[in-house]
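Chains U and D, in that order, give the protein sequences.
Mapping to the numbering used here: the first sequence position 143 is 181, numbers consecutive.
Mapping to the numbering used here: the second sequence position 161 is 158, numbers consecutive.
The beta carbon of each residue, even a glycine, is placed where N, CA and C say it ideally should be.
Every value quoted in this text rests on a predicted model; they were computed, and no experiment measured them.
What follows is a single structure, written as structure tokens, with notes after it.
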Amino acid sequence: MKPVRYPKEALLRRIEAHPRIVGTVSVLAIIVIWSFLTRPGTSLSGVLASPGELVEELWVLLRKGYMGTSLWSHFQASLMRTMIGFTLGSISGVLVGLVIGQNKIIAAALAPFFSFVRPIPAIAYIPMVILWFGIGEFSKILVIFMSSFLYVSMNTAAGVRAVPVDLIRVAQTFGASSRQLFFYVIFPEALPYVMLGLKVGLALSWAVVVASELVAAQSGLGYMIMDAATFFRIKDVYIGVFLIGLVGLLLEGILVLVERKVVHWSGKA
Amino acid sequence: MSDALIEVFGLTHYFDGPAGTHKALDNVSLEMVAGEIFAVIGPSGCGKTTLLNIIGGFVDPSEGEVRVHGERVRGPAPDRGVIFQGYALYRWLTVQENVEFGLKILGLGRKARAERARHYLALVGLDEFRSHYTYQLSGGMKQRVAIARALAADPEILLLDEPFGALDAQMREILQEELLRIWDKTRKTIFLITHSVEEAVFLSHRTCVMTARPGRIKQILEINLPQPRYDFHVRTSPQFNAYKERVLEMVREEVGSDSRPDHMSA
Chain U
39 MKPVRYPKEA LLRRIEAHPR IVGTVSVLAI IVIWSFLTRP GTSLSGVLAS
89 PGELVEELWV LLRKGYMGTS LWSHFQASLM RTMIGFTLGS ISGVLVGLVI
139 GQNKIIAAAL APFFSFVRPI PAIAYIPMVI LWFGIGEFSK ILVIFMSSFL
189 YVSMNTAAGV RAVPVDLIRV AQTFGASSRQ LFFYVIFPEA LPYVMLGLKV
239 GLALSWAVVV ASELVAAQSG LGYMIMDAAT FFRIKDVYIG VFLIGLVGLL
289 LEGILVLVER KVVHWSGKA
Chain D
-2 MSDALIEVFG LTHYFDGPAG THKALDNVSL EMVAGEIFAV IGPSGCGKTT
48 LLNIIGGFVD PSEGEVRVHG ERVRGPAPDR GVIFQGYALY RWLTVQENVE
98 FGLKILGLGR KARAERARHY LALVGLDEFR SHYTYQLSGG MKQRVAIARA
148 LAADPEILLL DEPFGALDAQ MREILQEELL RIWDKTRKTI FLITHSVEEA
198 VFLSHRTCVM TARPGRIKQI LEINLPQPRY DFHVRTSPQF NAYKERVLEM
248 VREEVGSDSR PDHMSA
């Protein structure tokens, strides 16, 4: 008997095997459709900027900056706030998480606060923090600190609690001290959870910095899009949003690379 | 003075469960001599793992005590190595680093650790995989790493908690034979928890059958099979099957009686 062939399905399967090409094609398709709909003379052309116009405007922004301030310094302002808040939040988050994960009494004492605070979006604190500390750098960094701290500490604590008891028992049979148990077993075993917390925490920090700049700032990408919207510089708003997305993507990409290197065993039995 | 290496006196142990206090072990006493392979078998929930945890020093018994060399057990110590069903390997370490793990804690220098680890890796046939991470190995190889790790620290006693339960049938038999070969070379005292009648009979010099909850000793049976036993032909011999049948009969009585309520009221 001849083998039966299903040419249509075979083609689909070959396309399925290349998700990246499919993704690239879909992006290109949207740009083509977008360009077509916003070409000069159509009704949409006055309302929505075309991709070509945005690229031109980006070029202008890159050369001349936004309202006299270079694009780079807005970018730098946002990134600095994120990095300071996120770094401090992560370090203290890991330390507090390690304690919570190991000490049931401290965990129980802190549990009500954590469970109450967790569902509150960090953005909701911005007005309160501004009331307390004004609209300076400290307020923005504090909000970023809080959002990353919460995620990193919760994940770290979960990671410590998830350490299988057998791993600890094996080390105990060799006479491991509690210090050795911590550094040789508990901390490395919890690291994949810590990394997950850092990834989410960083994404959240980036979202929060933009939000806090929308509310009160004189610099940063969030300030730029807010200002541009106020003065109806629509193209600059789009470009700002696009850049925010791009940076978010890059930040996540960096952490994914770090994760693959540092916790290579993550997700593997 | 008895010449027993391990003495278990009147162990009774309770657990606090959601439905009240639950008696896991009821007055368990036994002795093991040095170099003996002692298997414990019983229906699930009979407290056999609790017994191992108490001998290992991981759990304090509610009543009774365990002595090793006449000294009361007060916690885990390097004289008792463990091998768990789930391997309990350190995923961030290579195979060799896993085997060196205990030696590092015991304070051996880098060179001595590496030498000893290589020796035991060779013993379990994994020397060429020493630079792999454990997640790159099959289940059988993982358990070999765990065996090498336990042996490297040179404990007098090995505690095995259903060590081959997660492996496929072929690998299980191969590792059982390998364990006997290693025992022949090292003459460690082995305390083995298993739910497999075949495994208990094939490996042990004495098999202890436990009752369903609470766990008591039902009977301890001597297994007089020819030595060395690591030839798989033993598995099909008439004596082997006769032992299997006797142990199975006792185990079945207990599995059948396991319809009593799970918990006692506190």
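Taking C-beta pairs closer than 8 Å, name the residues in chain U that residue i reaches, listed in chain order.
i, result
"residue 300(D)", "Nothing can be reported for residue 300(D): it is not among the residues displayed for chain D, which extend from -2 to 263."
"residue 111(D)", "Correct list: empty, because the minimum Cβ distance to chain U is about 17 Å."
"residue 103(D)", "212 and 213"
Does the Cβ of residue i have 16 or more other Cβ atoms within 10 Å, making it buried, or fewer, making it exposed?
i, result
"residue 159(U)", "exposed"
"residue 110(U)", "exposed"
"residue 212(U)", "buried"
"residue 230(U)", "buried"
"residue 152(D)", "buried"
"residue 115(U)", "buried"
"residue 89(D)", "buried"
"residue 112(U)", "buried"
"residue 49(U)", "exposed"
"residue 62(U)", "exposed"
"residue 87(U)", "buried"
"residue 235(U)", "buried"
"residue -2(D)", "Per-residue confidence for residue -2(D) stands at a pLDDT of 48, beneath the threshold of 50, marking its modelled position as unreliable; the derived number appears in the next sentence. That one is exposed."
"residue 321(D)", "What the structure shows of chain D is the stretch from -2 to 263, and residue 321(D) is not part of that stretch, so it cannot be assessed."
"residue 112(D)", "exposed"
"residue 22(D)", "buried"
"residue 97(U)", "exposed"
"residue 181(U)", "buried"
"residue 195(D)", "buried"
"residue 177(U)", "buried"
"residue 221(D)", "exposed"
Distance, Cα to Cα, residue i vs residue j?
i, j, result
"residue 135(D)", "residue 164(D)", "9 Å"
"residue 204(D)", "residue 36(D)", "5 Å"
"residue 170(U)", "residue 258(U)", "22 Å"
"residue 245(U)", "residue 187(U)", "15 Å"
"residue 270(U)", "residue 102(U)", "18 Å"
"residue 85(U)", "residue 273(U)", "11 Å"
"residue 11(D)", "residue 207(U)", "21 Å"
"residue 128(U)", "residue 149(D)", "39 Å"
"residue 126(U)", "residue 183(U)", "6 Å"
"residue 260(D)", "residue 56(D)", "Because residue 260(D) sits at a pLDDT of 48, beneath the cut-off of 50, its placement in the model cannot be relied upon, and the following sentence gives the value as read from the coordinates. In a straight line, the C-alpha of residue 260(D) is about 20 Å away from that of residue 56(D)."
"residue 237(D)", "residue 185(D)", "23 Å"
"residue 243(U)", "residue 224(U)", "27 Å"
"residue 190(U)", "residue 199(U)", "14 Å"
"residue 167(D)", "residue 182(D)", "23 Å"
"residue 103(D)", "residue 116(D)", "17 Å"
"residue 126(D)", "residue 197(U)", "29 Å"
"residue 249(U)", "residue 93(U)", "25 Å"
"residue 155(D)", "residue 176(D)", "11 Å"
"residue 120(U)", "residue 247(U)", "6 Å"
"residue 154(U)", "residue 300(U)", "33 Å"
"residue 278(U)", "residue 108(U)", "13 Å"
"residue 244(D)", "residue 5(D)", "22 Å"
"residue 0(D)", "residue 28(D)", "9 Å"
"residue 263(D)", "residue 17(D)", "With a pLDDT of 36 at residue 263(D), under the threshold of 50, the predicted position of this residue should be treated as unreliable, though the coordinate-derived value follows. Near 5 Å, if we compare the C-alpha coordinates of residue 17(D) and residue 263(D)."
"residue 100(U)", "residue 140(U)", "50 Å"
"residue 307(U)", "residue 203(U)", "16 Å"
So residue i contacts chain U; which residues on that side make the cut at Cβ distance below 7 Å?
i, result
"residue 99(D)", "212"
Using a C-beta to C-beta distance shorter than 7 Å, which residues of chain D count as neighbours of residue i?
i, result
"residue 199(U)", "Residues of chain D passing the Cβ test: none, with the nearest at roughly 17 Å."
"residue 303(U)", "88, 89, 130 and 132"
"residue 208(U)", "79 and 85"
Does any residue of chain B have a CB that is nearer than 8 Å to the CB of residue i?
i, result
"residue 306(U)", "Looking at the structure shown, chain B is missing, and the protein chains on hand are U and D."
Mind pulling the chain D residues with CB within less than 8 Å of residue i?
i, result
"residue 165(U)", "Per Cβ cutoff of 8 Å: no residues; residue 165(U) is ~44 Å from chain D at best."
"residue 217(U)", "By Cβ distance, chain D contributes nothing, its closest Cβ being about 11 Å from residue 217(U), past 8 Å."
Mind pulling the chain D residues with CB within less than 9 Å of residue i?
i, result
"residue 140(U)", "Those within 9 Å of residue 140(U) in chain D number zero; the least Cβ separation is about 18 Å."
### Query
What are the start and end residues of each continuous alpha helix (DSSP H) run of 4 or more residues lying completely inside the stretch 236 to 305 of chain U, in chain order?
Contiguous alpha helix (DSSP H) elements confined to the stretch 236 to 305 of chain U occur at 259 to 268 and 272 to 300, taking only those with 4 or more residues.
### Task
Output the residue ranges of the beta strand (DSSP E) runs that lie fully inside the stretch 65 to 112 of chain D and measure 3 residues or longer, sorted by chain position.
Counting whole runs of 3 or more residues, the stretch 65 to 112 of chain D contains the beta strand (DSSP E) stretches 77 to 81.
### Query
Listed in chain order, which residues of the stretch 69 to 89 of chain D have Cβ atoms closer than 8 Å to some Cβ of chain U?
72, 73, 74, 75, 77, 78, 79, 81, 83, 85, 87, 88 and 89
### Task
Please name the residues in the stretch 147 to 168 of chain D whose beta-carbon is closer than 7 Å to at least one beta-carbon of chain U, in chain order.
150
### Query
Between the stretch 52 to 65 of chain D and chain U, which residues of the former have CB atoms less than 9 Å from a CB of the latter, in chain order?
The stretch 52 to 65 of chain D vs chain U, Cβ under 9 Å: 53, 54 and 55.
### Residues of the stretch 114 to 134 of chain D with Cβ closer than 7 Å to any Cβ of chain U, in chain order
Flagged, chain order: 130 and 132.
### Query
In chain order, which alpha helix (DSSP H) runs of at least 4 residues are fully inside the stretch 166 to 243 of chain D?
166 to 183 and 194 to 200
### Query
Going along the chain, which unbroken runs of the beta strand (DSSP E) with 3 or more residues stay wholly within the stretch 84 to 144 of chain U?
As far as the stretch 84 to 144 of chain U is concerned, it has no whole beta strand (DSSP E) run of at least 3 residues.
### Message
In chain order, what are the residue ranges of uninterrupted beta strand (DSSP E) at least 3 long that sit wholly in the stretch 30 to 63 of chain D?
### Response
34 to 38
### Message
To be precise: take each residue of the stretch 104 to 137 of chain U, compare its Cβ to all Cβ atoms of chain D, and keep it if any distance is under 9 Å. Which residues remain?
### Response
Taking 9 Å as the Cβ-Cβ cut-off against chain D, none of the residues of the stretch 104 to 137 of chain U qualify.
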